[in-house]
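In what follows, a single structure is set out as structure tokens and then discussed.
Numbering (our numbering), first residue to last: 400 to 767.
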């Protein structure tokens, strides 16, 4: 009896231990789950805070400087002396010190973005003029919310060749420039922390004006509009040009269905510029003609190009053809079925007629 009691108590104790272990494991798992949830929430909060801080830093990374005017065109004669002014404004809350430099710039890309040259020998001599310009100050400090007006003297050589010269007058801050949200950085061509005012100098005299549409491209076969058009215009003249042009889309019947004006942009000498346009509506069908007509220069010289493209919404046409074929087969099947039904009905009618005739004969025989 004692042995049985002992065994029962041992069984009861072992069950109690198992239950307590089970409860402990449940408690631990709940704690781990809550801790993981807390960790996840903490990670989300930290990430959001970091993202907000990251975005704030980038939103503030705008240079609070402005150059005025951003660009100016100047007409000069050989051996002439001329004075120009450039104003630099500090819109920030701290004074900024830096140096004033004059350098030639070129445009050697399709987007028309100027590139300031540290060494004037990198550019063609017929387009340089940085050595013509002298400043009354090489180093300035711009107080907070203030501006500095500088004078520059241009001395044109006697043997200056007629045509365009392209120079950047820029302010280069020393050290770290204080940053501000929303400050205007659009002033000529800001490169890194440089702030430039661009000069387009035109030396009087007879110049060569020559430009061409070197590339006029659109895909030869498209499914839907509008048509994407790429145009490259090359300036082979002595001065920058600003072409004015119109793109036209002509339908197969000879009517102009869409027009768009070419964006007016400067194209510098010996430089190619790319223009991107979209023309036409979404749904069109047939062989269309794309035409570009443009004029440029002081004499209003013209240039034009045209190409043909096919606009075929082939998927829609394929669906329509398949639909027509399916409908035709359905109609043909119905007609065939109706024809078979008509023939079977005629046969049944013929059989019925024969049966009626037979019955008539039987009746007439009985009557006799």
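A virtual CB, placed ideally from N, CA and C, is assigned to each residue, including glycine.
Query                                                                                                                                                                                              : Result
In angstroms, rounded to a whole number, what distance separates the CA positions of residue 595 and residue 680?                                                                                  : 42 Å
Bridge partners for residue 688 per DSSP, in chain order?                                                                                                                                          : 649, 707
Look at the alpha carbon of residue 539 and the alpha carbon of residue 563, and state the distance between them as a whole number of angstroms.                                                   : 30 Å
Pull up the CB-CB distance for residue 477 and residue 552, whole angstroms please, since I reckon it's below 8 Å.                                                                                 : Not confirmed; about 16 Å, so no contact.
Taking C-beta to C-beta, are residue 690 and residue 657 nearer than 9 Å?                                                                                                                          : no
According to DSSP, residue 670 sits in a beta bridge with which residue or residues?                                                                                                               : 634
Considering only residues of the same chain and omitting the five flanking positions on each side of residue 655, which have a CB-CB separation below 6 Å?                                         : 647, 649
Please go through the same chain and pick out, in chain order, the residues whose beta-carbon is closer than 8 Å to the beta-carbon of residue 668, but skip the five residues on each side of it. : 526, 562, 563, 634, 635, 636, 637, 638, 639
On the criterion of 16 or more Cβ atoms from any shown chain inside 10 Å, does residue 735 qualify as buried, or is it exposed?                                                                    : exposed
My assumption, with CB atoms under 8 Å, is that residue 661 sits in contact with residue 643. Please give the rounded CB distance.                                                                 : 7 Å
With DSSP collapsed to three states, give me the class of residue 629.                                                                                                                             : strand
Among the candidates 651, 693, 521, 493, whose CA atom is the shortest distance from the CA of residue 542?                                                                                        : 493
Within its chain, find whatever has a CB closer than 6 Å to the CB of residue 546; leave out the 5 residues flanking it on each side and keep chain order.                                         : 486, 488
Straight-line CA distance for residue 645 to residue 700?                                                                                                                                          : 14 Å
Helix, strand or coil for residue 427 per DSSP?                                                                                                                                                    : Unreliable positioning characterises residue 427 in this predicted model, as indicated by a pLDDT of 43, which lies under 50. The coordinate reading is nonetheless provided below. In the structure shown, residue 427 sits in a helix (DSSP, three-state: H, G or I).
Of the residues 714, 718, 629, which one's Cα is nearest the Cα of residue 706?                                                                                                                    : 629
Check for me: the alpha helix (DSSP H) holding residue 741 runs from which residue to which?                                                                                                       : 713-766
Verify the contact flag: residue 503, CB atom, against every heavy atom of the ligand PLP, threshold strictly below 8 Å.                                                                           : Summarising the ligand content, the structure contains no ligands, and the ligand PLP is consequently not present.
Do you know whose CA, among 694, 682, 741, lies nearest residue 714's CA?                                                                                                                          : 682
Quick check: what's the CA-CA separation for residue 730 versus residue 659?                                                                                                                       : 48 Å
Among 697, 520, 484, which residue has its Cα nearest to the Cα of residue 606?                                                                                                                    : 697
Would you mind stating whether residue 571 and residue 500 have Cβ atoms separated by less than 9 Å?                                                                                               : yes
Considering only residues of the segment 495-568, which uninterrupted beta strand (DSSP E) runs meet the minimum length of 3 residues and lie entirely inside it, listed in chain order?           : 495-505, 532-534, 538-541, 545-554
To the nearest angstrom, how far is it from the Cα of residue 522 to the Cα of residue 505?                                                                                                        : 7 Å
Looking at the structure shown, is residue 486 part of a helix, part of a strand, or coil, going by DSSP?                                                                                          : strand
Pull the bridge partners of residue 643 from the DSSP assignment, please.                                                                                                                          : 694
For residue 661, name the three-state secondary structure that DSSP assigns.                                                                                                                       : coil
Could you tell me which residues DSSP pairs with residue 611 in its beta bridges?                                                                                                                  : 633
According to DSSP, residue 465 sits in a beta bridge with which residue or residues?                                                                                                               : 488
So what does DSSP say about residue 683, is it helix, strand or coil?                                                                                                                              : coil
How long is the line joining the alpha carbons of residue 544 and residue 597, rounded to whole angstroms?                                                                                         : 23 Å
Determine the DSSP secondary structure at residue 477, reduced to helix, strand or coil.                                                                                                           : coil
I'd like the list of long-range same chain contacts for residue 748, defined as Cβ closer than 7 Å, with 5 residues on each side in sequence excluded.                                             : none
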